[in-house]
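Top to bottom, those sequences are chains A and B.
Per our numbering, residue -14 is the first one in the first sequence, and the count goes up by one each step.
Per our numbering, residue -14 is the first one in the second sequence, and the count goes up by one each step.
For glycine and all other residues, C-beta sits at the position ideal for the given N, C-alpha and C.
There are 2 protein chains.
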Amino acid sequence: MSSACDETSYFTPRFNEAGLITAIAQDAETREILMVAYMNEEALRETARTGRAVYYSRSRQKLWRKGEESGNYQEVREIRIDCDQDCVLLLVEQKGGAACHTGRKACFYRRLKSGSMEELEFIDQTRLFDPAAVYKKKT
Amino acid sequence: MSSACDETSYFTPRFNEAGLITAIAQDAETREILMVAYMNEEALRETARTGRAVYYSRSRQKLWRKGEESGNYQEVREIRIDCDQDCVLLLVEQKGGAACHTGRKACFYRRLKSGSMEELEFIDQTRLFDPAAVYKKKT
Chain A
-14 MSSACDETSY FTPRFNEAGL ITAIAQDAET REILMVAYMN EEALRETART GRAVYYSRSR
46 QKLWRKGEES GNYQEVREIR IDCDQDCVLL LVEQKGGAAC HTGRKACFYR RLKSGSMEEL
106 EFIDQTRLFD PAAVYKKKT
Chain B
-14 MSSACDETSY FTPRFNEAGL ITAIAQDAET REILMVAYMN EEALRETART GRAVYYSRSR
46 QKLWRKGEES GNYQEVREIR IDCDQDCVLL LVEQKGGAAC HTGRKACFYR RLKSGSMEEL
106 EFIDQTRLFD PAAVYKKKT
């Protein structure tokens, strides 16, 4: 089960075959999980260097400087990595209070109803911003 | 930015091209992120049905009933899903207190030193079990 990267002090993030690593953003104070995204090496380096979260957008195929459109950027307090170094965890301060593109503070606003495999219930319907106003359509 | 799965009450997890979805286990009480793994549809269904976390091991290419070797299984309190339904979050009670195969309570026991892109510092060195004793070599 063990491998060399478990106990080393060398930061050796393991990017997948697409050159990406999973990145979780967690609120540094409340410990709420805000969002999950991906980083390529450039995004991870810029995040570490600047202290602001930068991801890689798979749909747009480019760096995604979180908050560049919405203004809701993330100040990064810590970058942690897991045992096998294939996932990073950012402890962040979320500016504007909302990490999710729907305007909610976090992306995990629904849960599976107990006993169901089909039905979700919403646990957060508070919008901290109006997505339609923030993300203006580029047509 | 928006898509149909953002606001629906239908649970429609989006598995990737390998048939997997990212799954985060978070301690239901302390909100510490314990581990990140993958599930296939069977693992997710069994988790929802039984209330115990089941993942899919990519290295062993089979279902991984967390705790089947170590006894440190996870009782699942809630299954949440994110806005675009490509990541699930389990709120769990970790039996034995340790989720990581290294014997530590969580997998994120190292952080990048401030200002470095190379050096990690350990933030948790407490082993709640001895990995060598728990995971007996099968040779």
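Own chain partners of residue i with C-beta closer than 8 Å, once the 5 adjacent residues on each side are dropped
i	result
residue 35 of chain B	none
residue 113 of chain A	81, 82, 83, 88, 89 and 90
residue 109 of chain A	89, 90, 91 and 94
residue -3 of chain B	-10 and 70
residue -12 of chain A	69
Backbone CA spacing between residue i and residue j [nearest angstrom]
i	j	result
residue 11 of chain B	residue -10 of chain B	23 Å
residue 2 of chain B	residue 28 of chain B	16 Å
residue 46 of chain B	residue 54 of chain B	16 Å
residue 20 of chain A	residue 77 of chain A	11 Å
residue 98 of chain A	residue 68 of chain A	32 Å
residue 119 of chain B	residue 52 of chain B	10 Å
residue 31 of chain A	residue 111 of chain B	32 Å
residue -7 of chain A	residue 73 of chain A	16 Å
residue 40 of chain A	residue 48 of chain B	30 Å
residue 105 of chain A	residue 66 of chain B	9 Å
residue 59 of chain B	residue 50 of chain B	9 Å
residue 23 of chain B	residue 14 of chain B	22 Å
residue 17 of chain A	residue 18 of chain B	10 Å
residue 107 of chain A	residue 107 of chain B	37 Å
residue 124 of chain A	residue 38 of chain A	Confidence is the limiting factor: at residue 124 of chain A the pLDDT is only 41, short of 50, which leaves the residue's position unreliable, though a coordinate-based value still follows. Looking at the two C-alpha atoms, the distance is approximately 27 Å.
residue 121 of chain A	residue 117 of chain B	56 Å
residue 100 of chain B	residue 9 of chain A	20 Å
Cβ-based neighbour list, residue i, same chain, cut-off 7 Å, excluding 5 preceding and 5 following
i	result
residue 33 of chain B	64
residue 102 of chain B	none
residue 62 of chain B	13, 76, 77 and 78
Of the listed residues the options, nearest to residue i (C-alpha basis)
i	options	result
residue 115 of chain B	B/69, B/101 and B/85	B/85
residue -5 of chain B	A/117, A/96 and A/62	A/96
residue 43 of chain A	A/18, A/7 and A/61	A/7
Own chain partners of residue i with C-beta closer than 6 Å, once the 5 adjacent residues on each side are dropped
i	result
residue 4 of chain A	25
residue 57 of chain B	80, 81 and 83
residue -1 of chain A	70 and 71
Residue i, enclosing alpha helix (DSSP H) - first and last residue
i	result
residue 35 of chain A	26 to 35
residue 84 of chain B	Segment: none, residue 84 of chain B is in no alpha helix (DSSP H) and carries neither H nor E.
Residue i: contacting residues in chain D (beta-carbon distance under 9 Å)
i	result
residue 50 of chain B	No chain D appears in this structure, whose protein chains are A and B.
Host beta strand (DSSP E) of residue i (start-end)
i	result
residue 117 of chain B	Note, residue 117 of chain B: premise wrong, no beta strand (DSSP E); alpha helix (DSSP H) at 116 to 119.
residue 107 of chain B	105 to 107
residue 7 of chain A	6 to 12
residue 96 of chain A	95 to 97
residue 55 of chain A	Premise fails: residue 55 of chain A is in no beta strand (DSSP E) and is neither H nor E.
residue 42 of chain B	39 to 42
residue 48 of chain B	47 to 50
### Query
What are the residues of the region 72 to 97 of chain B that lie near chain A, defined by any Cβ-Cβ distance shorter than 7 Å?
Sequence-ordered contacts of the region 72 to 97 of chain B with chain A read 72, 74, 85, 86, 87, 92, 93, 95, 96 and 97 [C-beta pairs closer than 7 Å].
### Message
Using a Cβ-Cβ cutoff of 8 Å, what residues of the region -5 to 22 of chain B are near chain A? List them in chain order.
### Response
-5, -4, 7, 9, 11, 15, 16, 17, 18, 20 and 21
### Residues of the region 49 to 69 of chain A whose Cβ lies closer than 7 Å to any Cβ of chain B, in chain order
63, 64, 65, 66, 67 and 68
### Message
Counting only Cβ-Cβ distances shorter than 8 Å, please list the residues of the region 97 to 108 of chain B near chain A, keeping chain order.
### Response
97, 101, 102, 103, 104, 105, 106, 107 and 108
### Query
Between the region 23 to 49 of chain A and chain B, which residues of the former have CB atoms less than 7 Å from a CB of the latter, in chain order?
So the close ones are 30 and 33.
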